[in-house]
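Take 468 as the starting number for the sequence shown in the working numbering and just add one per residue.
Let me begin by presenting the structure, written as structure tokens, before commenting on it.
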Amino acid sequence: MAEKLALVGIGKIARDQHIPAIAGNPDWQLEAAVSRHAGVDGIDHFQTIDELLEKRPDITTVSLAIPPQPRFEYAAKALKAGKHVMLEKPPGQSLAECYALEALAREHGVTLFATWHSRYADSVPALKAFLAERTLKRLKITWKEDVRRWHPGQEWIWEPGGMGVFDPGINALSILTEVLPYPVHLTGATLEFPENRATPIAAGLTFADPVGAEMSADFDWRQEGPQTWDIDVETDRGAAKLSLGGEKLEIDGEPVIQGANHEYANLYVRMADLVKSGTSDVDLSPMIHVCDAFSLGRRVITDPFEF
Ligand code: NAP
468 MAEKLALVGI GKIARDQHIP AIAGNPDWQL EAAVSRHAGV DGIDHFQTID ELLEKRPDIT
528 TVSLAIPPQP RFEYAAKALK AGKHVMLEKP PGQSLAECYA LEALAREHGV TLFATWHSRY
588 ADSVPALKAF LAERTLKRLK ITWKEDVRRW HPGQEWIWEP GGMGVFDPGI NALSILTEVL
648 PYPVHLTGAT LEFPENRATP IAAGLTFADP VGAEMSADFD WRQEGPQTWD IDVETDRGAA
708 KLSLGGEKLE IDGEPVIQGA NHEYANLYVR MADLVKSGTS DVDLSPMIHV CDAFSLGRRV
768 ITDPFEF
């Protein structure tokens, strides 16, 4: 029987991805929306999480598609009420919040899934398999997009906890931490903050790799025209290029994957498996790199940003 699910935050990602992915998966039945402004046709609508928890005790699972800043309070209430919880990325606005949610899920015997949608792109398992059998020499992440195009009017990304350019950049870091056969750590960062904003518009990162590979990431939100979401790797036996955020993979210049985007469909398949097996999936390694970038980063002030 399908699990009854409530979706919280009916914004861009809920409409673009969550609602179609839930509709396409027989393991889930979308029963309610929690939103301060919007509803979803044909299902219950509640203004607050408290109202949802009081009026629909039959709902087993809550999926949170709200920005990171308010997410902890919503997730903690749902977990304490015995609901399984799915978190959009990044899983919180601080690491300690995420550890606290993990502990609450354990205490209440429910599933917590800190999702990283980019890990579910078609190219990611293939790049992981490629790297598993080779020695890495160089890895370069280039994640450059136009913030006005992808985050129109979203003020929360410029507020503390919104992470600025790390909001997309953490997607690249979620792929990095999935495909590498070992952990790496950040050695330095330069963070460019618009003079009127609390979060960075661009960031350059360097990493230490245990086998000595050169590793860096370049995130920029000021790219107009063609958008770039690439990871280039060179190894002792050939090179690979992941592009379009993971939809495409070339090995030694030859296309091997030219996928479509199944990321959110795959996330809801994974969530159903976690609930069935009574387990959680909370990997905070992408978020650790972001927190380290804020800890190690040299701040540079740049031009003001307005939408
Ligand atoms: P959004 O459209 O700005 O916000 C989503 C919804 O969250 C809003 O429509 C609002 O819903 C609710 N919300 C906003 N501020 C809130 C607050 N302070 N308290 C409670 N609810 C609040 O953002 P989004 O682009 O969908 O992003 C949401 C999350 O998904 C972020 O963590 C983002 O990183 C992630 N994500 C976004 C994308 C993308 O392409 N946009 C892609 C992947 C992941 P109501 O008006 O319904 O209350």
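Even for Gly, the Cβ is constructed at its ideal location relative to N, Cα and C.
Fair warning: this is a prediction, and the values are worked out from it, not measured in the lab.
From residue i to residue j, what does the alpha carbon distance come to, in whole angstroms?
i: Glu645; j: Ala542; result: 25 Å
i: Val736; j: Ser744; result: 12 Å
i: Lys556; j: Thr528; result: 17 Å
i: Gly713; j: Thr582; result: 16 Å
i: Pro627; j: Ala473; result: 27 Å
i: Ser710; j: Ser585; result: 12 Å
i: Ile510; j: Arg523; result: 12 Å
i: Ile480; j: Met754; result: 20 Å
i: Glu569; j: Lys471; result: 22 Å
i: Asp589; j: Arg601; result: 20 Å
i: Gln725; j: Ile698; result: 15 Å
i: Val475; j: Ala532; result: 6 Å
i: Ile489; j: Leu497; result: 7 Å
i: Glu717; j: Val591; result: 12 Å
i: Val700; j: Ala760; result: 22 Å
i: Leu546; j: Glu721; result: 46 Å
i: Asp494; j: Ala739; result: 7 Å
i: Thr695; j: Ile608; result: 10 Å
i: Ala434; j: Glu662; result: In the structure as shown, the chain begins at 468 and stops at 774. Residue 434 is therefore absent and cannot be evaluated.
CB-CB under 8 Å to residue i, same chain, minus the five flanking residues each way: which ones, in chain order?
i: Gly671; result: Ala656, Thr657, Ser683, Ala684, Asp685, Phe686
i: Phe774; result: Arg615, Pro619, Gly620
i: Lys544; result: Ile516, Asp517, Leu520
Applying the 10 Å Cβ sphere with the 16-neighbour rule, what's the burial state of residue i?
i: Asp508; result: exposed
i: Asn638; result: buried
i: Met468; result: exposed
i: Gln484; result: buried
i: Glu612; result: buried
i: Gly631; result: buried
i: Arg664; result: buried
i: Gly692; result: exposed
i: Tyr731; result: buried
i: Ala727; result: exposed
i: Thr666; result: buried
i: Val651; result: buried
i: Arg573; result: exposed
i: Ala707; result: buried
i: Tyr587; result: buried
i: Ala552; result: For clarity, residue 552 is Val in the given sequence; the question names Ala instead. Under this definition Val552 is a buried residue.
i: Arg766; result: exposed
i: Arg782; result: Given that the chain is displayed from residue 468 to residue 774, the structure contains no residue 782 and the question cannot be resolved.
i: Pro534; result: buried
Roughly how far, in whole angstroms, is the beta-carbon of residue i from the beta-carbon of residue j, given that I think they are within contact range, below 8 Å?
i: Gln514; j: Gln536; result: The Cβ separation is near 18 Å, so there is no contact.
i: Ile668; j: Thr578; result: In fact, because the Cβ distance is near 36 Å, the residues do not count as touching under 8 Å.
i: His756; j: Leu653; result: 5 Å
i: Ile624; j: Asp634; result: 5 Å
i: Val723; j: Ala593; result: 6 Å
i: Ala419; j: Gly506; result: Past the edges of the chain, shown from 468 to 774, lies residue 419, and the structure says nothing about it.
i: Leu603; j: Ala675; result: Not quite, the Cβ-Cβ distance comes to about 13 Å (not below 8 Å), so this is no contact.
i: Gly629; j: Trp610; result: Not quite, the Cβ-Cβ distance comes to about 17 Å (not below 8 Å), so this is no contact.
i: Cys758; j: Leu554; result: With a Cβ gap of about 16 Å, Cys758 and Leu554 do not count as contacting.
Under three-state DSSP, which class holds residue i?
i: Trp583; result: coil
i: Arg538; result: helix
i: Met682; result: strand
i: Met660; result: The residue you asked about is not Met; residue 660 is Phe in the sequence shown. Phe660: strand per DSSP, three-state reduction.
i: Gly671; result: strand
i: Gly764; result: strand
i: Ala499; result: strand
i: Met738; result: helix
i: Asp704; result: Rather than Asp, the amino acid found at residue 704 in this sequence is Arg. In this structure, Arg704 counts as coil in the three-state DSSP scheme.
i: Gln484; result: helix
i: Arg439; result: As shown, the chain starts at 468 and ends at 774. That puts residue 439 outside it, with no answer to give.
i: Ile477; result: coil
i: Phe513; result: strand
i: Lys715; result: strand
i: Val723; result: strand
i: His575; result: helix
i: Lys547; result: helix
i: Ser747; result: coil
i: Trp688; result: coil
Enumerate in chain order the residues of its own chain whose CB-to-CB distance from residue i is below 6 Å, with the five nearest sequence positions on each side excluded.
i: Ser502; result: Ile477
i: Leu520; result: Ala548
i: Gly764; result: Ala656, Leu658
i: Pro677; result: Tyr649
i: Ser747; result: Ala572, Thr578, Leu579
Less than 7 Å between the CB of residue i and some heavy atom of the ligand ADP, yes or no?
i: Pro722; result: With respect to the ligand ADP, the structure offers nothing, as its ligand set consists of the ligand NAP.
Within the same chain, show all residues whose beta-carbon is closer than 7 Å to that of residue i, passing over the 5 residues directly before and after it, in chain order.
i: Ala599; result: Pro648
i: Gln690; result: Lys611, Glu612, Asp613
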